[in-house]
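Student:
Protein chains in written order, with the numbering used here: chain A, 2 to 321; chain B, 44 to 336; chain C, 17 to 387.
#1: Would you grab the beta carbon distance between residue 136/A and residue 37/A for me? Rounded to a whole angstrom, and I think it's under 8 Å.
#2: Assign residue 244/C to one of three DSSP states: helix, strand, or coil.
#3: Tell me, to the nearest whole angstrom, how far the beta carbon of residue 212/A is from that of residue 161/B; I am working on the premise that it is less than 8 Å.
#4: Just to confirm, are residue 77/C and residue 95/C a CB contact at a threshold of 8 Å?
#5: When you compare only the Cα positions, how much space is there between residue 329/C and residue 300/C?
#6: Given that residue 49/B touches chain C, what residues does it touch there, using C-beta distances under 8 Å?
#7: Nearest CA to the CA of residue 225/A: which residue from 65/A, 260/A, 113/A, 209/A?
#8: Between residue 62/B and chain C, is any beta-carbon pair separated by less than 8 Å?
#9: If you measure from the beta carbon of residue 127/A to each beta carbon in chain B, is any gap under 8 Å?
#10: Across the segment 176-184 of chain C and the segment 97-109 of chain C, are there enough close Cβ pairs to call them in contact, namely three or more that are closer than 8 Å?
#11: With burial defined as no fewer than 16 other Cβ atoms inside 10 Å of the residue's Cβ, what is the status of residue 39/C: buried or exposed?
#12: Considering only residues of the same chain and omitting the five flanking positions on each side of residue 158/C, which have a CB-CB separation below 8 Å?
#13: Compute the distance between the beta-carbons of residue 384/B and residue 267/B, then report whether it is under 8 Å.
#14: Under the rule that 16 or more other beta-carbon atoms within 10 Å means buried, what is residue 260/B, buried or exposed?
#15: Please confirm whether residue 134/C has its beta-carbon closer than 8 Å to some beta-carbon of chain B.
#16: Interface residues of chain C around residue 229/B at Cβ under 8 Å?
#17: Using three-state DSSP, classify residue 275/C as helix, strand or coil.
#18: Examine chain B for any beta-carbon lying closer than 8 Å to the beta-carbon of residue 78/A, and answer yes or no.
#19: Per DSSP, what kind of secondary structure is residue 83/A in: helix, strand or coil?
#20: Anyone know if the C-beta pair for residue 342/B and residue 110/B falls short of 8 Å?
#21: Pull up the distance between the alpha-carbon of residue 294/A and that of residue 228/A, whole angstroms please.
#22: Determine which residues share a DSSP beta bridge with residue 329/C and list them.
#23: Label residue 125/A either buried or exposed according to how many other C-beta atoms from any shown protein chain fall within 10 Å of its C-beta, with 16 as the threshold for buried.
#24: Among the residues of its own chain, which have a CB less than 6 Å from the CB of residue 261/C, if the five just before and after it don't count?
#25: Please tell me whether residue 246/A has its Cβ less than 8 Å away from any Cβ of chain B.
#26: Enumerate in chain order the residues of its own chain whose CB-to-CB distance from residue 41/A is below 6 Å, with the five nearest sequence positions on each side excluded.
#27: Can the beta-carbon of residue 266/C be found closer than 8 Å to that of residue 303/C?
#28: Should the segment 109-128 of chain A be called in touch with the segment 172-182 of chain A, which here means at least 3 C-beta pairs below 8 Å?
#29: Please state whether the Cβ-Cβ distance between residue 85/C and residue 233/C is less than 8 Å.
#30: Looking only at its own chain, which residues have a Cβ that is under 7 Å from the Cβ of residue 273/C, when we skip the five neighbours before and after it?
#31: Could you name the residues of chain B that residue 236/A contacts, counting a contact when the two beta carbons are closer than 7 Å?
#32: In the DSSP assignment, find the beta strand (DSSP E) that holds residue 167/B and state where it starts and stops.
#33: Label residue 132/B either buried or exposed according to how many other C-beta atoms from any shown protein chain fall within 10 Å of its C-beta, with 16 as the threshold for buried.
#34: Is residue 20/A close to chain B? Criterion is C-beta to C-beta, closer than 8 Å.
#35: Using a Cβ-based criterion (distance less than 7 Å to any ligand heavy atom), does residue 214/C qualify as near the ligand COA?
#36: Would you say residue 321/B and residue 166/B are within 8 Å of each other, going by their C-beta atoms?
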């Protein structure tokens with residue numbers, strides 16, 4: 002202890018003297034969010050890309066969506082509908098896009114489980130100044146990117162090897178871009194919802210994203226028209242952003258092709274006397290349902306976050 | 044008053060180390076029970092699995108049912124999908140709750156305790172299988188019963204004994220394969236995590252989850268010879284829908300039952316060998332207790 | 017040593033053990049020629065800083081790791097080839113263990129492990145209940161493992177380690193991360209267990225000097241994969257300070273310290289400033305006394321009584337094991353090893369084991385030769 006006279010303490014001591022600087026508690030708003038997101042995204046990619054063999058990584062990240070498409074194509078074959086190229090296009094697009102869904106929702110959910118159970122880092126991320134939700138979004142982005150890669154390749158295989166009729170000159174590119182952006186945002190919202198649930202559950206929740214994706218598969222018109230479903234379930238499907246997203250992508254890539262939302266016997270047709278939705282209706286429905294899903298996801302996440310803190314779940318390990 | 048620390052005193056460490064074959068067997072069987080315990084207990088302590096492991100998978104199976112309905116397929120194809128959906132419960136249990144499990148145990152710090160204990164590590168895997176079986180059989184039964192009722196599936200079984208035998212043999216072969224995968228995944232480390240993805244939809248495809256595997260031709264034949272899910276599912280479909288016009292291209296259920304017996308024996312022997320090699324290699328490289336590998 | 021212990025092979029017999037990890041950028045030599053013999057019934061300590069090789073050695077002895085060279089036996093069983101036999105008679109507890117299943121209760125967790133050691137179910141529950149009481153977790157027995165504090169979890173781990181009543185118990189930094197009270201509890205448990213079953217052997221690794229000093233019959237100081245010194249705590253401290261140093265507080269000392277210096281065995285005696293607590297008035301004389309050996313103290317006490325001095329307080333001043341380590345290596349446990357990097361590790365100690373009868377009688381410590 003030096004013999005220097007200390008200045009009389011008036012409020013907080015000055016930083017020059019080594020005291021507390023309140024400026025440090027003030028964040029930098031959007032700059033902090035951008036930085037957190039960027040770091041998390043880079044981290045997510047490094048973790049996803051931490052494979053010893055890039056060729057192997059390519060194979061298994063593509064095998065999943067391609068196999069899903071092939072299952073459906075074979076189902077058409079066994080029924081004798083294999084020659085209907087419009088059916089084939091319908092199921093190939095649906096299953097290709099589904100890899101986005103699985104990757105997106107599992108990416109966020111597994112980030113929570115990974116960080117809590119395997120790396121035991123969840124609590125440290127929480128106590129850092131970064132918003133956990135932003136970090137989660139960044140981490141999940143890598144898996145969405147992997148899913149996107151699989152989707153593109155599956156579509157490519159569908160066009161090149163499975164005879165899906167694709168003409169780039171008839172594609173509605175502006176619709177495609179807007180629909181993809183809004184659709185991915187909706188997928189991420191569902192992922193946030195599932196991540197919120199994973200904060201409350203135990204280790205076996207690894208399989209939950211697949212289970213949720215499987216259930217959504219039923220109501221989203223991914224591989225069959227909603228008209229086949231009972232009316233109440235069709236209604237649920239119409240309130241799901243994924244339904245409108247897939248419909249919008251189909252409409253953009255194959256204008257005039259088979260519709261999952263409309264058609265004879267569909268709830269959409271019976272409500273509006275319209276055979277199929279047009280591009281504007283698709284966009285409005287997608288944005289509206291997407292907004293609702295996003296708001297609900299954020300609300301559920303915040304609630305789950307509070308509950309997890311209240312019950313000390315952030316640093317638990319729950320193996321069995 | 045006896046000390047709580049003293050337990051079955053032996054005269055020397057040599058006496059304590061010398062176990063009879065009966066003692067060894069008893070320890071292995073008790074270990075199966077011990078390891079199954081947390082799985083089964085966990086089911087009753089956290090009940091969210093009822094929603095995620097039963098209701099949602101049922102909905103996923105229903106999606107494929109509706110695909111066939113949309114295509115106006117013959118009714119037996121609905122039955123194929125329902126049976127396929129029920130059997131995938133066991134396959135998912137194998138890859139999520141067995142294949143990954145030793146790698147997971149290493150992350151938790153349990154693996155070295157297991158290897159430092161005197162029981163056979165296969166007992167631990169059996170215990171995991173038994174514990175997981177309770178959950179997956181509940182899921183399979185729920186999918187089967189609900190889907191059958193809802194979609195009006197009609198079964199026509201002539202040979203009940205063979206059907207039950209094939210089902211049990213399929214499980215035995217599946218869990219044997221699960222043990223092989225558990226040791227491989229532990230060796231491959233983090234790659235195993237990604238490789239799990241290779242074992243879901245691709246396996247569903249080559250196993251004919253939603254269609255008779257015979258339609259895959261050569262690929263189907265290959266699948267039947269190496270994948271328990273493929274051969275078991277095909278045999279059960281032939282037995283459960285005995286009156287349907289089942290597509291040719293696959294062996295009869297009796298032959299497929301024998302294939303399953305052979306698979307079970309081979310997988311269990313390979314698992315035993317793989318776990319021994321794994322342990323030696325892990326001890327040599329010091330990988331039994333390093334988390335991030 | 018009992019007849020039974022004498023007729024048993026060595027509890028631990030390590031000869032020429034080397035362990036190299038092939039990691040990038042260059043291989044790490046974790047153990048560099050370890051020779052170690054531990055008798056049955058001993059409480060043996062491995063003391064050294066982080067990275068010394070203690071955990072590597074324990075992993076070899078607990079059959080989790082193979083040595084790159086050399087041999088090791090536990091009660092005559094080879095760690096490489098007779099793993100099953102060893103696993104039946106040993107158990108291990110490490111510090112900072114987070115193993116187990118959070119969803120189970122303490123009782124259930126321990127019962128599960130009892131099954132792995134072959135206990136019948138009912139007997140397993142009984143054993144678990146006994147051990148839960150013995151380690152002081154009776155109030156937590158039905159609590160989920162995920163809700164235990166660090167200290168409680170370590171007690172549970174300790175109970176797990178005793179389920180099979182091991183002949184040899186490996187403790188790898190068992191008090192790591194525990195608070196003072198919890199660490200003390202764990203040490204007391206170890207000692208209670210050892211007292212209850214005196215023929216059992218313990219190998220403890222630690223970097224806490226006081227812990228090794230308190231618990232161990234013999235200690236090996238390890239660094240950079242080599243044993244630097246081996247002996248009882250007292251023997252090791254005598255390497256640094258062969259004399260016995262005492263601090264006496266006397267009510268008076270007539271005639272100064274001259275008379276004390278003339279006593280046999282007294283190497284030096286000098287008065288020192290007394291510690292004064294503020295507000296207290298004490299009139300005492302403090303004498304720092306250096307004796308050739310502890311036995312000389314008797315003569316000093318007698319002499320003081322003869323001149324009418326009363327001893328108010330007496331304290332022995334001993335070097336710590338860290339002093340021993342510093343003398344051997346030239347740095348403390350917490351200092352960066354930068355000085356030692358690239359340099360040859362110090363040669364292993366050649367201090368004869370007092371119980372090794374192959375040495376000639378009369379050999380004194382001064383005749384030790386450090387290679």
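A virtual CB, placed ideally from N, CA and C, is assigned to each residue, including glycine.
Tutor: This is what the structure holds:
#1: Within the first chain, residue 136/A is the residue found at index 135, counting from 1. Within the first chain, residue 37/A is the residue found at index 36, counting from 1. With a Cβ gap of about 6 Å, residue 136/A and residue 37/A count as contacting.
#2: In the third chain, the residue the question calls residue 244/C occupies position 228. Residue state, collapsed to three classes: strand.
#3: Here residue 212/A refers to the residue found at position 211 of the first chain. Here residue 161/B refers to the residue found at position 118 of the second chain. About 38 Å separates the two Cβ atoms, so there is no contact after all.
#4: Position 61 of the third chain, counting from 1, holds the residue named residue 77/C. Position 79 of the third chain, counting from 1, holds the residue named residue 95/C. It is a contact, given that the beta carbons lie within the stated cut-off.
#5: The count along the third chain starts at 1 and reaches residue 329/C at position 313. The count along the third chain starts at 1 and reaches residue 300/C at position 284. Going from the Cα of residue 329/C to the Cα of residue 300/C covers about 10 Å.
#6: Within the second chain, residue 49/B is the residue found at index 6, counting from 1. The contacting residues are 181, 212, 213.
#7: Looking up residue 225/A in the first chain gives position 224. Residue 260/A is the option with its Cα nearest to residue 225/A.
#8: Numbered from 1 along the second chain, position 19 holds the residue referred to as residue 62/B. It does; some Cβ of chain C falls within 8 Å.
#9: Within the first chain, numbered from 1, the residue matching residue 127/A stands at position 126. No, residue 127/A lies away from the interface with chain B (no Cβ there is under 8 Å from its Cβ).
#10: yes
#11: Within the third chain, the letter at position 23 stands for residue 39/C. With fewer than 16 other Cβ atoms within 10 Å, it is exposed.
#12: Indexing the third chain from 1 puts residue 158/C at position 142. So the qualifying residues of the chain are 121, 122, 123.
#13: Outside the displayed range of chain B (44 to 336) lies residue 384/B, so it cannot be described from this structure.
#14: By one-based count along the second chain, residue 260/B stands at place 217. Under this definition residue 260/B is an exposed residue.
#15: For the purposes of this step, residue 134/C is taken as the residue at position 118 of the third chain. Interface residue, yes.
#16: Counting from 1 along the second chain, the entry for residue 229/B is found at position 186. By Cβ distance, chain C contributes nothing, its closest Cβ being about 14 Å from residue 229/B, past 8 Å.
#17: If you number the third chain from 1, residue 275/C lands on position 259. Note: residue 275/C maps to helix in three-state DSSP.
#18: Counting from one through the first chain, the residue named residue 78/A turns up at place 77. At least one chain B Cβ lies under 8 Å of residue 78/A.
#19: Indexing the first chain from 1 puts residue 83/A at position 82. Reduced to three states, the DSSP call for residue 83/A is coil.
#20: Because chain B in this structure spans residues 44 to 336, residue 342/B falls outside the shown range and cannot be described.
#21: The sequence position of residue 294/A within the first chain is 293, counting from 1. The sequence position of residue 228/A within the first chain is 227, counting from 1. Residue 294/A and residue 228/A: Cα-Cα distance of roughly 23 Å.
#22: To locate residue 329/C, count along the third chain from 1; it is residue 313. Paired residues: 265/C.
#23: Translated into positions along the first chain, residue 125/A becomes position 124. Burial call: exposed.
#24: Here residue 261/C refers to the residue found at position 245 when the third chain is read from its first residue. Closer than 6 Å at Cβ, skipping near neighbours: 306, 333.
#25: Locating residue 246/A in the first chain gives position 245, counting from the first residue. So, not an interface residue.
#26: Here residue 41/A refers to the residue found at position 40 of the first chain. Taken in chain order, the residues that qualify are 136, 139, 140.
#27: In the third chain, the residue the question calls residue 266/C occupies position 250. In the third chain, the residue the question calls residue 303/C occupies position 287. Going by C-beta atoms, residue 266/C is nearer than 8 Å to residue 303/C.
#28: no
#29: Taking the first residue of the third chain as 1, we reach residue 85/C at position 69. Taking the first residue of the third chain as 1, we reach residue 233/C at position 217. No; because the gap between Cβ atoms is not below 8 Å, this pair is not in contact.
#30: Taking the third chain and counting its residues from 1, one reaches residue 273/C at position 257. Within the same chain, residue 273/C has close Cβ partners 285, 286, 287, 303.
#31: Start at 1 with the first residue of the first chain, and residue 236/A comes out as number 235. In chain order: nothing, as chain B lies at least about 16 Å away.
#32: On the second chain, residue 167/B is found 124 positions in, with the first residue counted as 1. From DSSP, residue 167/B is part of no beta strand (DSSP E) but of the alpha helix (DSSP H) over 164-194.
#33: Residue 132/B sits at position 89 when you count from the first residue of the second chain. Its Cβ being crowded by 16 or more others within 10 Å, residue 132/B is buried.
#34: Within the first chain, the letter at position 19 stands for residue 20/A. No, no contact with chain B.
#35: Among the ligands in the structure shown, none appear at all, so the ligand COA cannot be discussed.
#36: Here the question's residue 321/B lines up with position 278 in the second chain. Here the question's residue 166/B lines up with position 123 in the second chain. Their beta carbons are not under 8 Å apart, which means residue 321/B does not touch residue 166/B by this criterion.
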